[in-house]
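First up is the structure itself, then whatever we jot down about it.
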Amino acid sequence: MNGHSDREEMMSLVAAYALGSLPASEHRRVSAFMLTDAEARAEFDALRPAADAIGFAAEEPVDSARSARMKERLMATVRAEAASAKITPIGAARSASGARPGLLMGVGLAAAAAAVFAFVSIIQNFSLRSDLANANMRANTLQTQIAANALVQNRDRQMVADLFAPDAQHYAVADGEIIRHGQHLYLALKKLPPLPKGKVYQAWTLAKDAKAVAPSVTFSPSSTGVAVVALPENADGLAAVALSVEPEGGSKAPTSKPAFIRQLT
Amino acid sequence: MRPSVSGGSALNYRGLSAIRANPRHVEDGARLMERLRERDTVAFESLYDGYHRLVFGIALRVLGDATMAEDLTQSVFLKLWSAPDAFRVGNFGAWLSRVTRNRALDVLRSRAVRSEDEISADIAVEGTVDDVVFARLDSQTVRAALAALPEEQRMPIEMGFFGGSTHEEIARRTGVPLGTIKTRIRTGLRRLRAELEGVVSL
Numbered sequence: 025m026n027g028h029s030d031r032e033e034m035m036s037l038v039a040a041y042a043l044g045s046l047p048a049s050e051h052r053r054v055s056a057f058m059l060t061d062a063e064a065r066a067e068f069d070a071l072r073p074a075a076d077a078i079g080f081a082a083e084e085p086v087d088s089a090r091s092a093r094m095k096e097r098l099m100a101t102v103r104a105e106a107a108s109a110k111i112t113p114i115g116a117a118r119s120a121s122g123a124r125p126g127l128l129m130g131v132g133l134a135a136a137a138a139a140v141f142a143f144v145s146i147i148q149n150f151s152l153r154s155d156l157a158n159a160n161m162r163a164n165t166l167q168t169q170i171a172a173n174a175l176v177q178n179r180d181r182q183m184v185a186d187l188f189a190p191d192a193q194h195y196a197v198a199d200g201e202i203i204r205h206g207q208h209l210y211l212a213l214k215k216l217p218p219l220p221k222g223k224v225y226q227a228w229t230l231a232k233d234a235k236a237v238a239p240s241v242t243f244s245p246s247s248t249g250v251a252v253v254a255l256p257e258n259a260d261g262l263a264a265v266a267l268s269v270e271p272e273g274g275s276k277a278p279t280s281k282p283a284f285i286r287q288l289t
Numbered sequence: 041m042r043p044s045v046s047g048g049s050a051l052n053y054r055g056l057s058a059i060r061a062n063p064r065h066v067e068d069g070a071r072l073m074e075r076l077r078e079r080d081t082v083a084f085e086s087l088y089d090g091y092h093r094l095v096f097g098i099a100l101r102v103l104g105d106a107t108m109a110e111d112l113t114q115s116v117f118l119k120l121w122s123a124p125d126a127f128r129v130g131n132f133g134a135w136l137s138r139v140t141r142n143r144a145l146d147v148l149r150s151r152a153v154r155s156e157d158e159i160s161a162d163i164a165v166e167g168t169v170d171d172v173v174f175a176r177l178d179s180q181t182v183r184a185a186l187a188a189l190p191e192e193q194r195m196p197i198e199m200g201f202f203g204g205s206t207h208e209e210i211a212r213r214t215g216v217p218l219g220t221i222k223t224r225i226r227t228g229l230r231r232l233r234a235e236l237e238g239v240v241s242l
């Protein structure tokens, strides 16, 4: 194969490269080829945005229970880690060692060798410490996640027990009901209208002595409009529950007309 | 070490620069990742709220199993938290999409014995990119643009992106000559780009 046909062959692979569908061996060849061929690079620059956009086609609404479960686990993990993990800033120690080359200037070969040896040792030591710190962090993350998973499983079991308890109280609302069992409170809703982009449903609670509602959880229903959501508030202290559509992330006070307001009496 | 073509100049999206910025996909993601470096859990929550549908959707599309997709989604977000420096510059949505797709393909490959060598993980989505490219790209826009492609072009593109198939595998599975598959991927991506430009310029 001559140089011209080689180039044609490489050019024919640039699109598959942008898509990420080349075997590793060909991927490396095309990668090297593009470093030296401006036309190939331009082709890649033109096609990559389109290839990168494809992932957005898969974006889907996530079932509200699944979404809430994932979020609860993740937030439990990151909050625990943020509160506890204090890793020594290895980078700072590494920066300090940056002054070491200056020490090598003007000294004898033996001293230089010793300095180099010391430098390498320090770097290796830092590297090991960094690896150890990372391993510890991973272990902490896993332990926290395991604990969070257990917590979520227990809550899921509790939820099922509450929802189907014979002595649970049911308060009818549009498109579903509010279910109370002991101090636990749940929204069980169906046929909720689909949400506009960037919006979520938000629950509100009114305490018995309060004059204004307080924000509670936000959620998105499943694609069929179903949502079963546990409210974190103690049901004993509540007089009413409401639901409204709010911007993603929730609001401090309702910004839209409530879908329902239900007194718990 | 995986090859990267990003270290040099001008990986850019200027050809699509007419697209206006979408705060969720462009500005917010990069800014929230900055805050993650400060261990800001509120920023993490916002990232989850803004991007979990994208991550879960890609994972589900690649893996075809909701439980595995859920595990992968959590894994991806924990990775964002534990290694926020992995994202350096560029379009966060594009980067996250690629990261998720590649992680999902890694999981898929770990379950399957393949006769051919693995495809490379990725082209690094970094470097000097024009962040406006993903401006108004959302799932509906991209789905519509993909749907506008002829089936013969859309199929190999989706097999390559979501299925992790190499162009040779696509040729074998579809019974279409390898050269034709290469041409269809190339033509399809060009047309997809044109469709996206057409949509956003309206």
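If you read the protein sequences in the order shown, they are chains A and B.
Following the working numbering, the numbering of the first sequence begins with 25 at its first residue and continues without gaps.
Following the working numbering, the numbering of the second sequence begins with 41 at its first residue and continues without gaps.
For glycine and all other residues, C-beta sits at the position ideal for the given N, C-alpha and C.
Quick caveat, the model's predicted, so the values are computed rather than measured.
Can you pull the DSSP bridge partners for Glu-201(A)? Ala-196(A), Ala-212(A)
With H, G and I counted as helix, E and B as strand and the rest as coil, what does DSSP make of Glu-270(A)? strand
Please say whether Val-82(B) and Val-116(B) have beta carbons closer to each other than 7 Å? no
Quick one: any contact between the segment 104-121 of chain B and the segment 45-56 of chain A, if contact means 3 or more CB pairs under 8 Å? no
Hey, would you say Thr-101(A) sits closer than 7 Å to Gln-169(A), going by beta carbons? yes
Between the segment 179-190 of chain A and the segment 223-241 of chain A, can you find at least three pairs of beta-carbon atoms closer than 8 Å? no
Under a Cβ-count criterion, where at least 16 other Cβ atoms within 10 Å of its own Cβ denotes burial, should Ser-137(B) be classed as buried or exposed? buried
In the DSSP assignment, find the alpha helix (DSSP H) that holds Pro-239(A) and state where it starts and stops. It is not in any alpha helix (DSSP H) - Pro-239(A) instead sits in the beta strand (DSSP E) that spans 238-243.
If you follow the beta strand (DSSP E) that Lys-223(A) is part of, which residue opens it and which one closes it? 223-231
What in chain D is Cβ-close to Thr-81(B), meaning under 8 Å? In the displayed structure, chain D is absent; the protein chains listed are A and B.
Which of the residues in the segment 84-99 of chain B, read from start to end, lie with their CB under 8 Å from any CB of chain A? Phe-84, Glu-85, Ser-86, Tyr-88, Asp-89, Gly-90, His-92, Arg-93, Leu-94, Phe-96, Gly-97, Ile-98
Quick check: what's the CA-CA separation for Pro-256(A) versus Ala-74(A)? 43 Å
Can you check DSSP and say which residues form a bridge with Phe-132(B)? Paired residue(s): none; Phe-132(B) is not in a bridge.
Chain A contact residues for Lys-222(B), given Cβ-Cβ distances below 9 Å: Ser-36, Leu-37, Ala-39, Ala-40
So, are the CB atoms of Tyr-210(A) and Ala-254(A) less than 7 Å apart? yes
Step through the CB atoms of chain A and report whether any lies within less than 7 Å of the CB of Ala-134(B). yes
Say whether chain B places a C-beta atom closer than 7 Å to the C-beta of Pro-47(A). yes
Between Gly-69(B) and chain A, is the shortest Cβ-Cβ distance under 7 Å, so that the two count as touching? no
Check the Cβ of Ser-205(B) against every Cβ in chain A and list those closer than 8 Å, keeping chain order. Ser-45
Please return the same chain residues whose Cβ sits closer than 6 Å to the Cβ of Lys-215(A), not counting the five positions on each side in sequence. Asp-199, Gly-249
Beta carbon of Ile-203(A) nearer than 7 Å to that of Ala-196(A): no
Please list the residues of the segment 73-98 of chain A that have a C-beta atom closer than 9 Å to any C-beta atom in chain B, keeping them in chain order. Pro-73, Ala-74, Ala-75, Asp-76, Ala-77, Ile-78, Gly-79, Phe-80, Ala-81, Ala-82, Glu-83, Glu-84, Pro-85, Val-86, Asp-87, Arg-90, Ser-91, Arg-93, Met-94, Lys-95, Arg-97, Leu-98
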